[in-house]
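Colleague: Dumping the structure here so I can ask a few things about it.
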Amino acid sequence: MDTMPRLHRILDIHTLKRGLYSSSIFIMLFLVFGVFTIYNRVAFDTNYLKAANISVIVNQASFLMVVGVAQAIALLTGDVNLSIGSVMAVTTVLFGRMLQQSSDIPLFIPIMLILFLGACIGFLNGILITKLKIPAFIASFATMYICRGFAWVFLGKTVIYRLDEGFRTISMGKVYTIGEFTITVPMLIALALILVVNFMLTRSTFGRKIYFVGSNVVAAQASGIPTDRVRITNQVISSFLAAFAGLLYVARLNACEPGMAIKTHFEAITVALLGGFVMTGGYGNVWGVVGGAIIMTAIQNGMNSIQLPSELQTLVMGLIIILTVFMNTFLLEKKMLVADKNIETKKAIISRGAQI
Amino acid sequence: MKQHKKPFRLSNLPNSLYVLFVVFIAASLAVPKFLTPGNLSNLILQSSILLLLSFGMSLVLMTGCIDLSVGGILSMTGVVMATMLRMNVPAIWAIAIGLLTGVLFGTMNGLLITKLRLPSFITTFATMGIAQSIANVVSEKRTVYWDPKPSNSLIDTLGKDFIRIEFGQTAKEVLTISYLVLITAVVITVVMLLFNKTTLKSRVFAIGENEEIARLAGIKTHFWQIGIYAASGLLAAMASLLVLIRTNSLQPTTGEGLEFQAVVAAVLGGNTLKGGKGSLTGTILGALALYSVRSALSLAGIDTSVVMIVIGAVLILGMWLNETIQMYEERIVGMLRSILMGRNHGHNA
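Order-wise, the sequence lines are chains A and B.
All you need for this note's numbering is the position in the first sequence, starting with 1, plus 813.
All you need for this note's numbering is the position in the second sequence, starting with 1, plus 1127.
Laid out in structure tokens, this is it:
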């Protein structure tokens, strides 16, 4: 008779625990911000947590979010995409040259062409991975070399700078200021992207197919999902977003150069993995990427604010990455345990209820 | 236990044999300076550094993990050794401590991955940053030199040639084998003997195939995984020793990007990223194939940006060739047989 309230109570505690265990990235975020705030307050008597600084951090993180989402989508089917940085370089180099050649065509034509080119490179990646059965790591490594090589061949050692000012608003534009916190265009772009991708992954059939293919390709194939098509589409989306990120970076730097974004593939993987995605695929929530990107930028920003020498920054970064990933795995196991217990108690209660 | 000899099949050959074959023939035909004793000895010397790294990488890949920190370990141990030489520590001690550092760092990788159950990709990526930053801090981001002294004459000796066969007067007609190549050969032989003639191979493959089942079958999975990571660290430290001897100085950024080349050489050699299979012979051929491409293109005077494109294309071609030859093996063998026997079996295939 009184099983129902008990059921609710137990479920509530467990839901709470599960919520806690799946938010490791935000616990980490809290820790990082806490440490830097205290250090800044004690050592320099400056306020790390002031709205202007947070705004700078979130603005920078927005760029990382775009590449992070590009990588996360690729990781979902277990096909890592190492060519992100090079795709950014090769597409933007062409973009810069197009802008230079003719200034009277409307801006959206080169932008469309560039995004299409990014999608094409993704399609090539997808074909290599699925049809030629080359492991994604190697296939995207090869395209990384090829794209980077083309960028160098195309532009040589020159740099194209001073781009169209109207175009630069997508990275530099400010929308609204609340107190000292400035909402910028990149923030809105990143937010829109996250919302769209989240909708696609959680609410659409295609998104669920991606998760299914990622957790078990053979089972997905056996249940009639065109796995090759899903993986190719996934790679196309990933490279498309990479080209888009390239445009954002170019607009921020106001220059196109073949050597840009040389370590972005690593950054993207780090952001995605910090956000709770796994290399084997089939697990992860896009909102984690937001946390991962903000952590990365907050650490960079914080280390600069306490004037840590650059050679020590990689060391601290490495330690923090290990710590975060450890917390992710540790808490994930706990979460699974709670889920198991949850199911067991439910079963026990239901069976007891049936007996009564 | 006597091993049964496997029947000859094309897919039993190391995959990278075809790649090396194609690359070698193409390079010899296209670049006249490629197939000279001088260039070949240079090629072997250059590839020996990558060879040691990719040996460690292959072992790690076979257990189903990856070790991205080899480049960082190379820089770090190199800086440690060079700084010791600079401080007038006898060469033998400097080398011993350098190698020990590599082993310890590798063990730390292994401990993180097994005991804390962290994913290997991101963990070794983070430790790569840590090792690289230790190298930068110790060397203060400058190339480390040392003065030649009797205490470090060993380094000079090891830099000399072991065998020198002159086919002619000019430098390109002299085949040289230096002590470095000899060291590499000895290390490679030892690793291959340990791997192929002991139970190491089956243990590593079992762990790579399914760690849980390997553990239930009584294999000390954590012990062997840590051991493999330590071996990878040791091999990286040896590679840095080769760099140190060859250049007589050490840049703290030497190892950057080498981890990817090591993965490429290992994968060209038929090792998969999933683990559970692979071959060390294949890795040797893969590393040689990679450096043959580089050497041929640089001899032909081709721009480095084009070299990148070609290497990417060779990588795709090589992987595709591996896959295709495995897929069409029956048909190819049938075709060869029909050509050799003079009968036409082609219609049956």
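Beta carbons are placed, not taken as given, at the ideal position from N, Cα and C, and that holds for glycine.
(1) Just to confirm, is the Cβ distance from B/I1438 to B/L1417 under 9 Å?
(2) Just the Cα atoms here: how many angstroms apart are B/K1129 and B/M1454?
(3) Verify whether the separation of the beta carbon atoms of A/S837 and A/A1074 is less than 9 Å.
(4) Locate the alpha helix (DSSP H) running through A/R1044, then write down its first and last residues.
(5) Pull up the distance between the alpha-carbon of A/P919 and that of A/V1030, whole angstroms please.
(6) CB-CB under 6 Å to B/S1155, same chain, minus the five flanking residues each way: which ones, in chain order?
(7) Between which two residues does the beta strand (DSSP E) holding A/L862 run?
(8) CB A/T905 to CB A/V1063, shorter than 9 Å?
(9) Have a look at B/N1475 and B/W1447 and give me their C-alpha separation to the nearest angstrom.
(10) Helix, strand or coil for B/C1192? Go by DSSP, reduced to three states.
(11) Any beta carbon from chain A within less than 9 Å of B/N1166's own beta carbon?
(12) Return helix, strand or coil for B/V1271, following the three-state DSSP convention.
(13) With DSSP collapsed to three states, give me the class of A/Y1096.
(14) Using alpha carbons as the reference points, say which of B/V1264, B/L1426 and B/T1410 lies closest to B/M1189.
(15) Which residues in the same chain have their Cβ closer than 7 Å to the Cβ of B/I1219, if we skip the five residues on either side of it in sequence?
(16) Of the choices B/W1273, B/N1398 and B/I1171, whose alpha-carbon is the least far from that of B/L1377?
(17) Can you look up A/E1146 in the DSSP assignment and give me helix, strand or coil?
(18) Identify the continuous alpha helix (DSSP H) that holds A/F1025 and give its terminal residues.
(19) Out of A/I1108, A/N1047, A/E1070 and A/A1068, which has the shortest C-alpha to C-alpha gap to A/A887?
(20) Give, in chain order, every residue of the region 959-977 of chain A whose Cβ lies closer than 7 Å to some Cβ of chain B.
(21) With a threshold of 9 Å between beta-carbons, can A/Q1126 be considered close to chain B, or not?
(22) Which residues of chain A have a Cβ atom closer than 7 Å to the Cβ of B/F1232, listed in chain order?
(23) Does the beta-carbon distance from B/A1427 to B/A1157 come in below 9 Å?
(24) Count the other C-beta atoms from every protein chain shown that fall within 10 angstroms of the C-beta of B/P1379, then say buried if there are 16 or more, exposed otherwise.
(25) Comparing the C-beta of A/A955 with each C-beta of chain B, is any distance below 9 Å?
(26) Counting only Cβ pairs nearer than 8 Å, list the residues of chain A close to B/T1399.
(27) Does DSSP put A/K987 in a helix, a strand or coil?
(28) Do B/V1150 and B/S1432 count as a contact pair if the criterion is CB distance below 9 Å?
(29) Give the list of continuous beta strand (DSSP E) stretches no shorter than 3 residues that lie fully inside the region 1165-1190 of chain B.
(30) Measure from the alpha carbon of A/A865 to the alpha carbon of each residue in A/G1088, A/I996 and A/L1008, then state which is nearest.
(31) How is A/S1118 classed by DSSP in three states: helix, strand or coil?
(32) Given that a residue counts as buried once 16 or more other Cβ atoms are within 10 Å of its Cβ, and exposed if not, what is A/G1089?
(33) Check each candidate in A/E1146, A/L1060, A/I1045 and A/L1125 and name the one with the smallest Cα separation from B/T1254.
(34) Which residue comes first and which comes last in the alpha helix (DSSP H) that contains B/L1302?
Modeller: Reading it off the structure:
(1) yes
(2) Because the pLDDT at B/K1129 is just 48, under 50, the model does not fix this residue reliably, and the value given afterwards should be weighed accordingly. Spanning the two alpha carbons is a distance of roughly 31 Å.
(3) Against a cut-off of 9 Å, the Cβ pair of A/A1074 and A/S837 comes out as no contact.
(4) Unbroken alpha helix (DSSP H) run through A/R1044: T1040 to L1066.
(5) 44 Å
(6) F1161 and L1162
(7) From DSSP, A/L862 is part of no beta strand (DSSP E); its letter is neither H nor E.
(8) Less than 9 Å divides the Cβ of A/T905 from the Cβ of A/V1063.
(9) With a pLDDT of only 47 at B/N1475, under 50, the local geometry of the prediction cannot be trusted, and no value is derived from it.
(10) coil
(11) no
(12) strand
(13) coil
(14) B/T1410
(15) Only residues of its own chain outside the window of five on either side were considered, and among them L1281 have a CB closer than 7 Å to the CB of B/I1219, listed in chain order.
(16) B/W1273
(17) helix
(18) T1018 to S1028
(19) A/N1047
(20) I959, R961, G962, F963, W965 and V966
(21) Closer than 9 Å: yes.
(22) The contacting residues do not exist; B/F1232 stays about 12 Å from chain A at best.
(23) In contact: B/A1427 and B/A1157 (Cβ atoms closer than 9 Å).
(24) B/P1379 comes out buried.
(25) yes
(26) P948
(27) DSSP places A/K987 in strand when its eight states are reduced to three.
(28) No; because the gap between Cβ atoms is not below 9 Å, this pair is not in contact.
(29) none
(30) Minimum Cα distance to A/A865 is reached at A/I996.
(31) helix
(32) buried
(33) A/L1125
(34) Element bounds for B/L1302: not the alpha helix (DSSP H) but the beta strand (DSSP E), V1301 to S1305.
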